[in-house]
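Protein chains in written order, with our numbering: chain A, 976 to 1179; chain B, 184 to 246.
Following: one structure in structure tokens, then a few remarks.
Here it is in structure tokens:
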């Protein structure tokens, strides 16, 4: 039986392009939300865009790493875990928005619905932690640690500055999940710093 | 720290990927070490020395 030729592989483009799009999307949504140009639920709904952009970003990174002989077993596990938890986030968030739009929701159900997206995000954070523990390549592990530290520094700095501005009645109160969003944005900034300093984006 | 990784690799006609496979690390790691952007840990430096059949100080020197 004749074997068929493998089809042409889709080119997912540069990870930098997708990363830039994701950062820009988060920045624009954050700007619109902070200036009250859009409401809370609209902002949360629009955050599905950068979450969705994680898919082509992961695909293009994987393609680039494969071309460089990269993609360790730990990275593959990380990509799979992030895909699962991001999907869980999108599904739980869609369900929450749908039920809230549908009408009155019981308190207990509201608690469960509000916890689900948060737990899914917790899963992504766990996946980053597992990547650091499981990556056997010390250079790639260092890149991930640097990214995480940059992200943590940015998130805590933003939370501290905004918190004191809020305490001084200068800035409006914002929902706490923005700290996590800034942390993910910080991972992107960390990847750029890695690229500039070490010539590679890293695994996250 | 400077190193002779690139020269030693060229002498053996190994690509970065071939050396990375022998070391059990990524090609990015080899590239970062070669270009002096990253100094390997002592265990990895010993592995590099073993792969080239040399002593660590024959491959890595202080600036």
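Glycine is no exception: its CB is placed at the ideal position from the N, C-alpha and C atoms.
The structure presented is a predicted model; accordingly, all values stated were derived computationally and were not measured.
Please decide whether residue i counts as near chain B, where near means a Cβ-Cβ distance under 7 Å.
i, result
"residue 998 of chain A", "no"
"residue 1054 of chain A", "no"
"residue 1162 of chain A", "no"
"residue 1175 of chain A", "yes"
Quick one: Cα of residue i to Cα of residue j, how far?
i, j, result
"residue 207 of chain B", "residue 1072 of chain A", "47 Å"
"residue 197 of chain B", "residue 236 of chain B", "15 Å"
"residue 997 of chain A", "residue 1096 of chain A", "17 Å"
"residue 187 of chain B", "residue 1137 of chain A", "49 Å"
"residue 246 of chain B", "residue 219 of chain B", "11 Å"
"residue 988 of chain A", "residue 1145 of chain A", "43 Å"
"residue 1107 of chain A", "residue 1126 of chain A", "14 Å"
"residue 1093 of chain A", "residue 1068 of chain A", "9 Å"
"residue 1006 of chain A", "residue 1156 of chain A", "13 Å"
"residue 1158 of chain A", "residue 214 of chain B", "29 Å"
"residue 1018 of chain A", "residue 1124 of chain A", "27 Å"
"residue 1001 of chain A", "residue 1133 of chain A", "15 Å"
"residue 277 of chain B", "residue 184 of chain B", "Any answer about residue 277 of chain B is impossible in this case: the structure gives chain B only from 184 up to 246."
"residue 1117 of chain A", "residue 1170 of chain A", "13 Å"
"residue 1081 of chain A", "residue 1075 of chain A", "10 Å"
"residue 1174 of chain A", "residue 1070 of chain A", "41 Å"
"residue 977 of chain A", "residue 986 of chain A", "Because the pLDDT of residue 977 of chain A is 43, which lies under 50, any placement of that residue in the model is unreliable, and the question is left without a value."
"residue 990 of chain A", "residue 221 of chain B", "22 Å"
"residue 232 of chain B", "residue 992 of chain A", "39 Å"
"residue 1038 of chain A", "residue 1141 of chain A", "44 Å"
"residue 1020 of chain A", "residue 1050 of chain A", "29 Å"
With respect to the alpha helix (DSSP H) encompassing residue i, which residues constitute its N-terminal and C-terminal limits?
i, result
"residue 1067 of chain A", "1048-1077"
"residue 207 of chain B", "It is not in any alpha helix (DSSP H) - residue 207 of chain B carries neither H nor E in the DSSP assignment."
"residue 190 of chain B", "188-194"
"residue 992 of chain A", "990-1009"
"residue 1125 of chain A", "1113-1142"
"residue 246 of chain B", "Premise fails: residue 246 of chain B is in no alpha helix (DSSP H) and is neither H nor E."
"residue 1091 of chain A", "1082-1109"
"residue 1176 of chain A", "Element bounds for residue 1176 of chain A: n/a, residue is neither H nor E."
"residue 223 of chain B", "Premise fails: residue 223 of chain B is in no alpha helix (DSSP H) and is neither H nor E."
"residue 239 of chain B", "239-242"
Which same chain residues end up closer than 6 Å to residue i when comparing Cβ atoms and leaving out the 5 residues on each side of it in sequence?
i, result
"residue 1101 of chain A", "none"
"residue 223 of chain B", "216"
"residue 1013 of chain A", "1007"
"residue 1053 of chain A", "1102 and 1106"
Who are the Cβ neighbours of residue i in its own chain at under 8 Å, not counting the five residues just before and after it?
i, result
"residue 1029 of chain A", "997, 1057 and 1061"
"residue 1120 of chain A", "1107"
Less than 7 Å separating the beta-carbons of residue i and residue j?
i, j, result
"residue 1032 of chain A", "residue 1065 of chain A", "no"
"residue 1166 of chain A", "residue 1176 of chain A", "yes"
"residue 209 of chain B", "residue 201 of chain B", "no"
"residue 192 of chain B", "residue 234 of chain B", "no"
"residue 1088 of chain A", "residue 1122 of chain A", "no"
"residue 1114 of chain A", "residue 212 of chain B", "yes"
Would residue i pass as an interface residue toward chain A - the criterion being a Cβ-Cβ separation below 7 Å?
i, result
"residue 234 of chain B", "no"
"residue 201 of chain B", "no"
"residue 198 of chain B", "no"
"residue 215 of chain B", "yes"
Report all residues from its chain with a CB closer than 7 Å to the CB of residue i; omit the five preceding and five following residues, and keep chain order.
i, result
"residue 1112 of chain A", "1047"
"residue 1130 of chain A", "1154, 1157, 1158 and 1161"
"residue 1026 of chain A", "1061, 1064 and 1065"
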